[in-house]
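Trainee:
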Amino acid sequence: AQQCQVNFLKSARLGDTLRATAALRGLSGRTGLYDVAITDQHEVLIAEFRGMSRKLSGPVVPPDSASPAD
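The opening position of the sequence shown corresponds to residue 2 in this note's numbering, with each subsequent residue numbered one higher.
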């Protein structure tokens, strides 16, 4: 991510089932803006994430040329 922010609104409890729902809010050139809402099994909002992505040209990590250990 180019940048991100997370806002925690409520604590989740042990045994809660959490769901993250993401939405693309905008796309301009190589930059994207995404919102993610995290809710519990009762659809109560637990946290929100907003992130900006940047599409890069070419591989980010070079291919691994090492052989696996025997």
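Note that beta-carbon positions come from the ideal geometry of N, C-alpha and C, so glycine has one too. All values derive from a computational prediction rather than experimental measurement.
(1) From this set, Ala24, Ala48, Leu46, which residue's C-alpha is nearest alanine 54's C-alpha?
(2) Which of helix, strand or coil does DSSP assign to threonine 32?
(3) In terms of residue numbering, what span does the beta strand (DSSP E) encompassing alanine 13 cover?
(4) Under a three-way DSSP split, which group does glutamine 4 fall into?
(5) Kindly indicate the opening and closing residues of the beta strand (DSSP E) around glutamate 49.
Mentor: Considering the structure as presented:
(1) The residue you asked about is not alanine; residue 54 is serine in the sequence shown. When only C-alpha atoms are compared, the closest one is Ala24.
(2) The three-state secondary structure of threonine 32, taken from DSSP, is strand.
(3) Alanine 13 -> no beta strand (DSSP E), and no H or E assigned at all.
(4) strand
(5) 46 to 55
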